[in-house]
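> Residue numbers (our numbering): -18 to 1161.
The beta carbon of each residue, even a glycine, is placed where N, CA and C say it ideally should be.
Below: one structure in structure tokens.
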């Protein structure tokens, strides 16, 4: 529940409001009120003026609520009324309503003023003073009526003078057969019941003019004695100018109370019968509350307000003249509420205010009571302060609950209001039902309720999910009553939300769920159909909707439901089929897709044509409209009508109305508006001071017609401009000027001749008057001699010869900028590492920026290496720059060179440019790792040695401590052997490696090193020379017959094994070696060389420390050896015996030495078994 601040009633109260704790509103939820202690509240009572029928019991109503339920008592004429003493008086059980049995008693004995009091332990509430009176319908006093004889043409009044009843009777005139007498502007019944004749005629002669009075409470009717009138005919009645029979004289006065109905009456006399007109001097009659009735004789104004006071004038006029009567109306008021006091619930030690704001004429007198006792007579309470219409309760305590009464009265009536103050200490309650599910459509507003109650007032906090607190920022709005608003809900906003209500006495939470649904959209719209009679018509209507919503389709014909019981209309999920169409089926069909949250609709027209084969229908563009006519001409609008041209078998979809401005843009036609194809008229909104000509184009599905003939010219009158120039801007181009620019009005917007612009400017917050300049035919104005970058307020107003445009909007701009006058101070550099530093500075003052601060620019340049002297430093290097936007005071400099000396300075930027640089600041970066060596070359290959030569790194990035060489052999299957490391002094440029294996490929990794570590390596490969003696022995063995026989036997054995493998492959599982190799291709593995059947270079992607680890896919036994896979038919059996190795993805390395037998697109098939030739090559 929300709290509301109350306004002050004096200077001391203004000070108090700073510390005022606002009070709780009383919750409306009966479940909450049911458990709370509550002072009495009057809920129902009889009206202040109670008129009873003496034939019925008197029932004075008084109902109240409270916790505990209140008891009731009454006062009569200000004194206690003991209802138990009078046997005729009964109080209803559980209620304060009195029932008084007046049968057999004099009803006058119970006429009095009654007041009801409702009590419980928390206070006393009072009803209004109820004045009980008996209704009366007295008899007409006996009087003798004399017959009236008058000459024709004179005026006459028949007085009714009914008896005074309670309430007053209703008056009407009838004849002796109880028929109402006819009334007219000549014969008129006044408000007081008298019958007036402006002039009599012979037909008014009769003897049964009878006045009747009906008393509504008793439903009785009294009648006056009949009056007889005889009208004597004249040969010629004398005509006369008007006069007034009522009111009498030239002027009169009348008082009316605010809120009541004002009835002013003027009854004329004269011959011929005058006509009446009304007006108010110096003002307008309130048309929305005013009516003129009774043949213009009565002006009636309902719900009178203070502004209805004034002089009203009625004028009677006939052909012989006129007469006027002035009625001065004064408006006074019984008390009425501006702000009635409201019930308060306060926590202990809180402060609250009761306001009783009333008005009236005369000014009402306000008195306060507490539990029915005047506040002056109540026990003194230092925490209570009464000040005219306000009661302030400071630091209330438990047990101080009470009901306060405010009574405001003047001579015309009174107002009485009860407001209780209940002092409660209640923990929070969430009134919104738990686990509510809210569903909305995407891009619509979502409102999640969290109504709460507690004393003190709980604070509401929202969470999305379980931990994300929701702040009162876009897209969320948290209202004072706890409701969470998502003004444009998106699917990402779906989920579980938790609201938590907290006060000093506890915490309560509630969970709700939000579901954001997709909108319903018709994707396939029904289309215009032309169908022959007796054929079928099909309209499609395909919809896209949220899967959790079930759409229902409704079809309408000409905005009405489809005919009931007509089986020709077949409605399906995505279509409407009309079978055997007839002429009656033509019309517009609308598809409406509804879900529980939204809907979409689309329409199409059905045209039914004759079934007889007509000549081919030719669809052409429509003919242009004709007979353009301008009617109902006004200053800013005109009615244009036309006759459509031939549609040429395609209905006109729309008419486009264009205009030509002969004054400002002759020969240029501009689209003004569009009208539906069924229309033939349009109300055109026009601009002043334009010479209009209009023409119309019709469009059907083929295209546009030719333009119609132009209408006649229509000139609108000039007027003051309706708009001011747009896009007004103010900015300086130099340090001492201000350029004011705007987008000029078009000729159509000028509204009149001599368009010009009034420019006003003044320096903001400088207590200056507006400076004004008027220019014409311009879109900018330059103000000179301005201070640098000073704020200016600017307005530009359009003016022509007929006046000025509306009040222009205020635009804020700044005069021109100048270069900053100072440099940042306190520049400090913090070096984080060898390539990153952080620079700090003190921002300059705003006065020296001399413009809009754009940021700071840091210049830094590498002067030399730390190990270099200034003489050795390179020349000509351009400084690097980094710009930091905004009002920052620090920034980072990335990409620095290690072990270098840098020079740095900072300058400030504004819109004009760059200020002076700060004093230079030098800093050094620490050592880093070096770059890779400049080159690595391998020379002098021998059987067991190689020589390596290298160049130092281009950038040492520190002091070189040496080089590291790592090398390892690569076998014929591209497997790497054990690695060896060698550390080399920094001053060496070559090294010779000895004790190498002959005819072996070696891979070398060479690094430069500083104290920070090794830099990137440079890699090379080289072979040692083959040992000639070994080669000769190999050749000799190869030529021996026993060796040839052995090789043939091995080849035959391998062939048999391959055949067995092939058979087992077809019977059992496959060995996807090739698939694995292709699925785990290593970018470091080079393809096989096709010229010599061996593998190319192989470089492991594992780290150096992992070179000798068992390969992935192998199984290591407890003794550290690599075990074969347990499968009996492993391809290891067909490779190089038990030494076959797996590569990192589990496939074999080295089992193939020939070309691949299949293309890569066969990678998902089983690998083929190696050929005998390849198997033989693996042994060489």
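Check for me: the beta strand (DSSP E) holding residue 90 runs from which residue to which?
It is not in any beta strand (DSSP E) - residue 90 carries neither H nor E in the DSSP assignment.
> Residues in the same chain with beta-carbon distance under 8 Å from residue 895, minus the five sequence neighbours each way, listed in chain order, please.
Contacts found: 800, 801, 838, 888, 889.
> Is it true that the stretch 975 to 991 meets the stretch 938 to 945, where meeting means three or more beta-carbon pairs spaced less than 8 Å apart?
These segments touch.
> Tell me whether residue 1136 is buried or exposed, calling it buried when 16 or more other Cβ atoms sit within 10 Å of its Cβ.
Any reading at residue 1136 is ruled out, since the residue's pLDDT is 39, under 50, leaving its predicted position unreliable.
> Is residue 540 helix, strand or coil by DSSP?
In this structure, residue 540 counts as coil in the three-state DSSP scheme.
> With distances taken from CA atoms, which of 881, 930, 923 is nearest residue 915?
Comparing Cα positions, the closest option is 930.
> Look at residue 1171 and residue 587 and say whether their C-beta atoms are less than 8 Å apart.
For residue 1171 there is no data in the structure shown, the boundaries of the chain being -18 and 1161.
> Distance check for residue 43 and residue 103, CA to CA, integer angstroms please.
Taking the straight line joining both Cα atoms gives about 19 Å.
> Starting from the C-beta of residue 994, find all residues in its chain whose C-beta is less than 6 Å away, skip the five residues before and the five after it, and write them out in chain order.
Hits under 6 Å: 910.
> Do you know whose CA, among 925, 69, 614, lies nearest residue 975's CA?
Ranking the options by Cα distance to residue 975, first place goes to 925.
> Excluding the 5 residues flanking residue 1154 on each side, which residues of the same chain have their C-beta closer than 6 Å to its C-beta?
Unreliable placement is indicated for residue 1154, whose pLDDT of 36 sits below 50; the coordinate value is still reported in the next sentence. Around residue 1154: no qualifying Cβ.
> Quick check: the stretch 335 to 345 against the stretch 407 to 417, are there 3 or more CB pairs under 8 Å?
Result no; under three Cβ-Cβ pairs closer than 8 Å.
> With DSSP run on the structure shown, which of helix, strand or coil describes residue 1022?
DSSP places residue 1022 in helix when its eight states are reduced to three.
> Nearest-angstrom Cα distance between residue 655 and residue 636?
If you take the alpha carbons of residue 655 and residue 636, they lie about 6 Å apart.
> Who are residue 271's beta bridge partners in DSSP?
Answer by DSSP bridge pairing, in chain order: 282.
> Use the C-beta contact count for residue 358: other C-beta atoms within 10 angstroms, 16 or more gives buried, fewer gives exposed.
The residue is exposed, with fewer than 16 neighbouring Cβ atoms inside 10 Å.
> Given a threshold of 16 other Cβ atoms within 10 Å of its Cβ, counted over all protein chains shown, does residue 968 qualify as buried or as exposed?
Exposed, because fewer than 16 other Cβ atoms sit within 10 Å of the Cβ of residue 968.
> Start and end of the beta strand (DSSP E) containing residue 818?
Taken as a continuous stretch (DSSP letters only), the beta strand (DSSP E) holding residue 818 covers 818 to 823.
> Below 6 Å CB to CB, which residues in the same chain sit around residue 842 once its five sequence neighbours on both sides are set aside?
Excluding positions up to five away in sequence, the list reads 860, 884.
> Between 846, 178, 330, 452, which has its C-alpha nearest residue 134's C-alpha?
Closest option to residue 134, Cα to Cα, is 178.
> Can you grab the Cα-Cα spacing for the pair residue 1119 / residue 1006, in whole Å?
Per-residue confidence for residue 1119 stands at a pLDDT of 39, beneath the threshold of 50, marking its modelled position as unreliable; the derived number appears in the next sentence. Roughly 30 Å separates the two Cα atoms.
> Please tell me whether residue 984 and residue 957 are closer than 8 Å, where the distance is taken between their beta carbons.
Yes. Within cutoff.
> Can you list, in chain order, the residues of its chain with a C-beta nearer than 6 Å to that of residue 699? Leave out the 5 residues immediately preceding and following it.
Closer than 6 Å at Cβ, skipping near neighbours: 669, 670, 733, 783.
> Count the CB pairs spanning the stretch 526 to 536 and the stretch 490 to 501 that are closer than 8 Å, and state whether there are at least three.
Cβ pair count under 8 Å is three or more, so yes.
> Pull up the CB-CB distance for residue 112 and residue 94, whole angstroms please, since I reckon it's below 8 Å.
Indeed, because the Cβ distance is near 5 Å, the residues count as touching under 8 Å.
> Rounded to the nearest angstrom, what separates residue 928 and residue 1043 at their Cα positions?
So the two alpha carbons sit approximately 50 Å from each other.
> Less than 8 Å between the C-beta atoms of residue 97 and residue 55, yes or no?
Against a cut-off of 8 Å, the Cβ pair of residue 55 and residue 97 comes out as a contact.
> Assuming residue 246 contacts residue 172 under a Cβ cut-off of 8 Å, what Cβ separation, rounded to an integer in Å, is found between them?
Right, the Cβ-Cβ distance comes to about 5 Å (below 8 Å), so this counts as a contact.
> In chain order, what residues of the same chain lie with their CB nearer than 6 Å to the CB of residue 1004, ignoring the 5 residues before and after it?
The answer, listed in chain order, is 982.
> In the DSSP output, what is residue 650 paired with across the bridge?
DSSP lists 641 as partners of residue 650.
> Where does residue 231 fall in DSSP's three states?
Residue 231 falls in the coil class under three-state DSSP.
> How is the beta strand (DSSP E) around residue 204 delimited, first residue to last?
Its beta strand (DSSP E) spans residues 201 to 204.
> I need the DSSP call for residue 728, collapsed to helix, strand or coil.
Reduced to three states, the DSSP call for residue 728 is helix.
> Rounded to the nearest angstrom, what separates residue 903 and residue 811 at their Cα positions?
Using only the alpha carbons, I get a separation of about 11 Å.
> If you run the structure through DSSP and keep just helix, strand and coil, what is residue 977?
Three-state DSSP puts residue 977 in coil, outside helix and strand.
> Apart from the five residues just before and just after residue 91, which ones in its own chain have a Cβ nearer than 7 Å to its Cβ?
Hits under 7 Å: 39, 81, 83, 113.
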